[in-house]
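Residue numbers are given in our numbering: position 226 of the sequence shown equals residue 499, and the series is strictly consecutive. Beta carbons are placed, not taken as given, at the ideal position from N, Cα and C, and that holds for glycine. Just so it is clear, the structure is predicted and the values come from calculations on it, not from any experiment. Structure, as structure tokens:
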Amino acid sequence: MSTLVLKFGGTSMADPARIRKAAEKVAAEVKRGHKVVVAVSAMAGVTNQLVEYCRAIAEIYDPSEYDVVAASGEQVTSGLMAMALQQLGVEAESLQGWQIPITTTSAHEKARIDNIDTEKLKSYFKRKVVPVVPGFQGVTRDGRITTLGRGGSDTSAVALAAALKADRCDIYTDVDGVYTSDPRLVKKARKIPSIAYEEMLELASLGAKILQTRSVELAMNYNVPVQVLSSFGDAVGSDMPGTLLKAEDEMMEKQLVTGLAHSRDEAKITLTAMADRPGISAAVFGPLAEANINVDMIVQGASQDGDAADMTFTVPRADLPRTLEALNKNQDKIGFKRIISSADVAKVSVVGVGMRSHAGVAQMMFKALADKGINIQAIATSEIKISVLIEESYTELALRSLHKVYGLDS
Ligand code: ADP
Ligand code: ASP
Ligand code: MG
Numbered sequence: 274m275s276t277l278v279l280k281f282g283g284t285s286m287a288d289p290a291r292i293r294k295a296a297e298k299v300a301a302e303v304k305r306g307h308k309v310v311v312a313v314s315a316m317a318g319v320t321n322q323l324v325e326y327c328r329a330i331a332e333i334y335d336p337s338e339y340d341v342v343a344a345s346g347e348q349v350t351s352g353l354m355a356m357a358l359q360q361l362g363v364e365a366e367s368l369q370g371w372q373i374p375i376t377t378t379s380a381h382e383k384a385r386i387d388n389i390d391t392e393k394l395k396s397y398f399k400r401k402v403v404p405v406v407p408g409f410q411g412v413t414r415d416g417r418i419t420t421l422g423r424g425g426s427d428t429s430a431v432a433l434a435a436a437l438k439a440d441r442c443d444i445y446t447d448v449d450g451v452y453t454s455d456p457r458l459v460k461k462a463r464k465i466p467s468i469a470y471e472e473m474l475e476l477a478s479l480g481a482k483i484l485q486t487r488s489v490e491l492a493m494n495y496n497v498p499v500q501v502l503s504s505f506g507d508a509v510g511s512d513m514p515g516t517l518l519k520a521e522d523e524m525m526e527k528q529l530v531t532g533l534a535h536s537r538d539e540a541k542i543t544l545t546a547m548a549d550r551p552g553i554s555a556a557v558f559g560p561l562a563e564a565n566i567n568v569d570m571i572v573q574g575a576s577q578d579g580d581a582a583d584m585t586f587t588v589p590r591a592d593l594p595r596t597l598e599a600l601n602k603n604q605d606k607i608g609f610k611r612i613i614s615s616a617d618v619a620k621v622s623v624v625g626v627g628m629r630s631h632a633g634v635a636q637m638m639f640k641a642l643a644d645k646g647i648n649i650q651a652i653a654t655s656e657i658k659i660s661v662l663i664e665e666s667y668t669e670l671a672l673r674s675l676h677k678v679y680g681l682d683s
């Protein structure tokens with residue numbers, strides 16, 4: 274008998290028929306004798322709608338009230354899932370985040386989980402009742418409702434699994450596993466049978482929206498076996514049909530490149546003709562850090578305007594207006610001539626633990642892009658990833674070419 278956390282994403286909860294289908298998977302695992310906790314997302318599209326309501330009422334809204342609104346989508350599906358289970362003869366009861374409680378920081382809209390009290394959940398196991406927990410939700414120490422950032426139900430599920438020391442966390446979604454690239458963009462993408470936590474962490478943080486980055490971080494830190502699988506087919510998690518996340522040293526074969534990720538959530542800024550002196554980076558990035566803006570890729574080179582230095586860097590696209598404002602306000606202090614900005618860029622990345630021990634991976638990437646006439650505007654590397662910034666319209670072409678060059682095509 275295992276303890277399992279089963280998470281169902283928005284498409285798996287999109288309507289009553291899908292909820293019934295998801296409930297059947299839960300019932301099948303219960304029938305096999307497993308102790309099960311269910312975590313659910315809101316119905317597909319509902320969270321977007323709730324966020325729109327907030328924006329329609331107030332352009333700049335109170336984040337703690339945003340959380341009250343946004344968290345409601347999961348309350349609905351937790352109740353519906355409990356009902357669907359009861360219809361199948363499985364005793365089930367919904368428990369909201371504050372009832373467990375799942376205690377979080379007070380950083381509304383992007384709270385982090387501090388603690389999950391497992392006592393109540395365990396008492397449900399004793400009574401043979403399946404607890405159905407809304408994902409995405411938490412509560413601050415002083416009782417305010419919080420949410421964990423978009424896509425946060427994955428994190429709820431993995432955190433529940435870690436707290437309960439569960440044997441596995443199954444993430445049911447609309448694809449049957451983690452693919453070598455987003456299957457919506459790269460038709461020849463292949464399902465990966467197993468992937469190292471480190472690789473999944475890079476892919477997620479570089480834009481593969483299949484799992485929230487924070488959930489992978491938690492899984493890695495607490496060694497939670499996580500499986501990504503489809504809620505549409507007939508298989509259940511215990512048959513292991515999906516992609517399993519596991520520790521790198523458990524991987525039999527270390528791929529040079531395991532997968533590709535892309536992100537269109539990028540904007541590029543160039544400051545021209547800056548004095549090339551000590552302290553210049555601190556002068557540029559200090560005001561951005563103060564404004565809570567995350568800077569990603571950074572390149573410095575000879576200037577287009579005279580003989581000083583140009584600095585190019587990227588920020589999240591949504592933060593571009595705020596970034597420009599912060600830089601313009603500090604123009605005299607920083608000392609640059611012009612700001613050139615563009616939101617017409619995308620970041621494409623290749624990831625694989627095999628890169629640790631092999632040279633030449635980057636060169637293959639640069640050549641493949643050059644062969645297609647794609648200009649590289651910035652580069653960032655780590656031990657197991659290489660990212661390049663390119664013109665957004667070339668994203669799909671770049672992904673398909675790289676997919677082929679690294680032998681990932683099915
Ligand atoms: P859920 O609502 O179940 O949380 P998401 O939409 O958050 O589902 O995540 C599933 C989607 O992630 C897929 O439909 C797919 O388009 C996208 N995706 C991006 N990169 C990958 C990848 N490497 N492998 C599989 N799916 C990916
Ligand atoms: N419903 C939330 C969202 O759409 C959380 C989730 O689905 O993971 O972001
Ligand atoms: Mg998701």
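The beta strand (DSSP E) runs lying completely inside the region 569 to 639 and spanning 3 residues or more are 571 to 575, 582 to 589 and 612 to 624, given in chain order. Proximity to Ser683 across Ile612, Ile330 and Gly532 peaks at Gly532, based on C-alpha coordinates. In summary, Ile613 is exposed, with fewer than 16 beta-carbon neighbours lying within 10 Å of its beta-carbon over all protein chains present. At the C-beta level, Glu382 and Asp340 come within 9 Å of one another. Excluding the 5 residues flanking it on each side, Pro336 has same chain C-beta neighbours closer than 6 Å at His381 and Glu382, in chain order. When secondary structure is reduced to three states using DSSP, Val303 falls in the helix class. DSSP places Arg537 in the uninterrupted beta strand (DSSP E) bounded by Gly532 to Met547.
Between the region 462 to 474 and the region 293 to 306, the count of C-beta pairs closer than 8 Å stays below three; the two stretches do not touch. Boundaries of the beta strand (DSSP E) around Ile375: Ile375 to Thr377. Beta bridge pairing from DSSP links Pro407 with Val313. Burial is judged here by how many other beta carbons sit within 10 angstroms of a residue's own beta carbon; Thr668 has at least 16 and is buried.
In the three-state reduction of the DSSP assignment, Lys383 falls in the coil class, being assigned neither a helical nor a strand state.
The shortest C-alpha to C-alpha distance from Ala540 to any of Met584, Ala619 and Gln528 is the one to Ala619. These are the residues, in chain order, with a beta carbon less than 6 Å from any non-hydrogen atom of the ligand MG: Gly282, Gly424 and Asp427.
Contact between Ser536 and Asp447 is ruled out by a C-beta separation of about 20 Å, above the 8 Å threshold. Under DSSP, no beta-bridge partner is assigned to Asn567. DSSP, reduced to helix, strand and coil, places Ser503 within a strand of the structure shown. In the structure shown, Arg328 adopts helical secondary structure according to DSSP, grouped into three states.
By the Cβ-count criterion, Thr377 is buried, with 16 or more other Cβ atoms from all chains shown falling within 10 Å of its own Cβ.
Contact check for Ala317 against Val278 fails: the beta carbons are separated by 9 Å or more.
Of Glu656, Ser674, Gly625 and Arg629, the smallest CA-CA separation from Gly646 is found for Ser674. Beyond the five residues adjoining it in sequence on each side, Ile468 comes within less than 7 Å, by CB distance, of Val451, Thr516, Leu518 and Thr531 in the same chain, given in chain order.
Residue environment analysis places Tyr326 among the exposed positions, since fewer than 16 neighbouring C-beta atoms fall within 10 angstroms of its C-beta. Take Leu353, set aside five residues on each side of it, and the residues of its chain with a beta-carbon closer than 7 Å to its own are Ile292, in chain order.
Going by beta carbons, Gln577 and Ala546 fall inside the 9 Å limit.
In the three-state reduction of the DSSP assignment, Ser660 falls in the strand class. Taking a contact as a CB-CB distance under 8 Å, the pair Glu366 and Ala355 counts as one, their CB atoms being some 6 Å apart. Of the residues assessed, His676 falls on the buried side of the cut-off, its CB having 16 or more other CB atoms within 10 angstroms.
Per the coordinates, the alpha-carbon of Thr428 lies some 24 Å from the alpha-carbon of Asp522.
Each of Leu597, Ser622 and Val624 was checked against the Cα of Arg611, and the nearest Cα belongs to Leu597. The alpha carbon of Pro589 has as its nearest neighbour, out of Ala287, Gln410, Ile542 and Val324, the alpha carbon of Ile542. Inclusion of Val661 and Leu681 in the CB contact set at 9 Å is not warranted, their separation being larger than that value. Going by DSSP, Glu366 is part of the beta strand (DSSP E) stretching over Ala365 to Ser367. DSSP places Arg441 in the strand class (E or B) of the three-state scheme. Residue burial is scored here from C-beta neighbours: Thr654 has fewer than 16 other C-beta atoms within 10 angstroms and is therefore classed as exposed. A Cβ-Cβ contact shorter than 9 Å links Leu437 with Leu394.
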